[in-house]
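Novice: The structure follows.
Numbering (the working numbering), first residue to last: 1 to 376.
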């Protein structure tokens with residue numbers, strides 16, 4: 001394969017914004033890396049977590065509570081070396097939850113302590129390997145704050161998992177972990193939870209929360225965890241400089257997505273729909289200021305983010321119809337409409353037309369408010 005075809009580094013932003021990054025086109029590695037296997041095999045505790053700021057905030061708390069070593073340097077300009085501790089991180093997404101559990105069962109020693117953080121299963125298949133993990137582990141604790149299906153929550157608890165789900169409009173998962181883990185955390189970690197919540201619930205009252213969110217996206221999960229353990233929510237100057245440099249392109253991609261947006265009335269709500277590689281929260285905020293109750297941001301990789309407002313708090317109900325889930329004002333999905341590369345080619349050349357349509361249909365299919373399903 002000619003790798004120049006998938007290298008977007010030198011493309012104009014207008015072209016770069018409408019196709020996925022190179023990683024989308026590369027085959028998945030056959031199994032975990034040697035470093036990941038070694039970390040799992042020596043682990044006394046493992047944290048299976050979403051690698052965003054909220055999930056990784058939980059990892060930082062668990063490592064602090066278990067007195068795991070802290071990295072010597074977190075400078076983004078230097079090669080990062082994670083210390084050989086005994087709390088392993090297994091990053092995953094909700095769509096890959098079953099694979100993560102299977103990997104944990106295969107490589108973890110018997111009798112370990114397991115935490116699952118900031119992940120909500122959308123389907124019973126997502127917890128297919130959870131019984132095996134529970135059988136092999138000493139304990140399994142699950143912290144989350146998303147909208148859970150009642151039956152799935154009961155299934156998880158019936159397996160012996162200690163499932164703690166916070167109120168999705170009041171707490172982030174780092175909050176849940178902070179109040180649930182039996183440890184006297186110092187003020188640095190309490191502040192980290194507060195600032196993480198500020199972004200995760202889109203409160204936007206503390207400018208540091210955008211820094212945490214951006215750095216968790218641009219940094220490796222291990223480096224991010226090491227950074228917030230060493231510095232809390234007040235990132236060091238060298239990291240702040242790195243973030244500012246990366247934000248130049250980020251803002252340009254946001255502007256392109258906003259320019260592409262189409263705003264329409266759908267089932268009584270003003271819905272903005274756009275497409276592109278971008279930061280969906282900032283795009284949604286801009287479109288909200290232009291009158292949108294809800295915003296759908298379709299990504300080149302096929303997934304989509306759905307963001308609401310005071311005028312629309314049913315994002316999770318929309319997402320649930322198209323293989324997703326989340327919160328009343330923030331949800332995500334990846335509709336099951338991509339079956340081969342021709343489907344993706346159509347997705348890129350039409351700027352996500354089919355994905356937009358199935359999500360808009362999900363808005364139209366929402367039951368009247370008085371008939372809507374209560375939150376789990």
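Here a beta-carbon is modelled for each residue, glycine too, at the ideal position from N, C-alpha and C.
To which residues of the same chain is residue 91 closer than 7 Å at the C-beta, ignoring the five residues directly before and after it?
Specialist: Contacts found: 49, 51 and 221.
Novice: Is the beta carbon of residue 278 less than 8 Å from the beta carbon of residue 17?
Specialist: Result yes, Cβ atoms of residue 278 and residue 17 sit closer than 8 Å.
Novice: To the nearest whole angstrom, what separates the beta carbons of residue 270 and residue 293, a pair I think is in contact under 8 Å?
Specialist: Residue 270 to residue 293, Cβ: 5 Å. Contact.
Novice: Would you identify the three-state DSSP class for residue 374, choosing helix, strand or coil?
Specialist: Confidence at residue 374 is low in this model, with a pLDDT of 48, below 50, so the placement of that residue should be treated as unreliable; the coordinate-derived value is given next. The answer is coil: DSSP assigns residue 374 none of H, G, I, E or B.
Novice: Determine whether the beta carbon atoms of residue 156 and residue 143 lie at a separation below 8 Å.
Specialist: Cβ atoms of residue 156 and residue 143: not closer than 8 Å.
Novice: Cα separation between residue 343 and residue 356?
Specialist: Approximately 14 Å between the Cα atoms of the pair.
Novice: What's the C-alpha gap between residue 225 and residue 5?
Specialist: Distance between the alpha carbons of residue 225 and residue 5: 34 Å.
Novice: Could you pull the DSSP bridge partners for residue 45 from this structure?
Specialist: For residue 45, which the question treats as bridged, DSSP gives the partners 87 and 113.
Novice: Can you grab the Cα-Cα spacing for the pair residue 291 / residue 284, in whole Å?
Specialist: Spanning the two alpha carbons is a distance of roughly 11 Å.
Novice: What did DSSP end up calling residue 275 once you bin it into helix, strand or coil?
Specialist: Strand, per DSSP.
Novice: Below 8 Å between beta carbons: does that hold for residue 47 and residue 58?
Specialist: Their beta carbons are under 8 Å apart, which means residue 47 touches residue 58 by this criterion.
Novice: What span of residues does the alpha helix (DSSP H) with residue 294 cover, start to end?
Specialist: Segment 294 to 298 is the beta strand (DSSP E) holding residue 294; no alpha helix (DSSP H) there.
Novice: For residue 369, count neighbouring C-beta atoms within 10 Å of its own C-beta (all shown protein chains included) and say buried if the count is 16 or more, exposed if not.
Specialist: Its Cβ having fewer than 16 others within 10 Å, residue 369 is exposed.
Novice: Judging by CA-CA distance, which residue of 249, 146, 84 and 161 is the nearest neighbour of residue 68?
Specialist: Closest by alpha carbon: 84.
Novice: Check residue 290 in the structure and name its three-state DSSP category.
Specialist: Three-state DSSP puts residue 290 in coil, outside helix and strand.
Novice: Relative to the alpha-carbon of residue 320, which residue among 309, 310 and 305 has its alpha-carbon at the smallest distance?
Specialist: Answer by Cα proximity: 305.
Novice: Do you know offhand how far residue 80's Cα is from residue 73's?
Specialist: So the alpha carbons of these two residues sit roughly 7 Å apart.
Novice: Counting only runs of 4+ residues fully inside the stretch 149 to 228, write out the alpha helix (DSSP H) ranges in chain order.
Specialist: Counting whole runs of 4 or more residues, the stretch 149 to 228 contains the alpha helix (DSSP H) stretches 150 to 158, 173 to 180, 187 to 200 and 208 to 218.
Novice: On the three-state DSSP scale, how would you describe residue 350?
Specialist: DSSP places residue 350 in coil when its eight states are reduced to three.
Novice: Compute the beta-carbon to beta-carbon distance between residue 102 and residue 32, rounded to the nearest angstrom, for a pair I have assumed lies under 8 Å.
Specialist: Residue 102 to residue 32, Cβ: 11 Å. No contact.
Novice: Look up residue 358 in the DSSP assignment and give the residues it is bridged to.
Specialist: Answer is none; residue 358 lacks a bridge partner.
Novice: Run through DSSP, which three-state label would residue 138 get?
Specialist: Residue 138 falls in the coil class under three-state DSSP.
Novice: Looking only at its own chain, which residues have a Cβ that is under 6 Å from the Cβ of residue 141, when we skip the five neighbours before and after it?
Specialist: Only 115 and 162 meet the Cβ criterion.
Novice: Can you have a look at residue 122 and say buried or exposed, based on whether 16 or more other CB atoms are within 10 angstroms of its CB?
Specialist: Buried: at least 16 other Cβ atoms inside 10 Å.
Novice: What did DSSP end up calling residue 262 once you bin it into helix, strand or coil?
Specialist: Three-state DSSP puts residue 262 in a strand.
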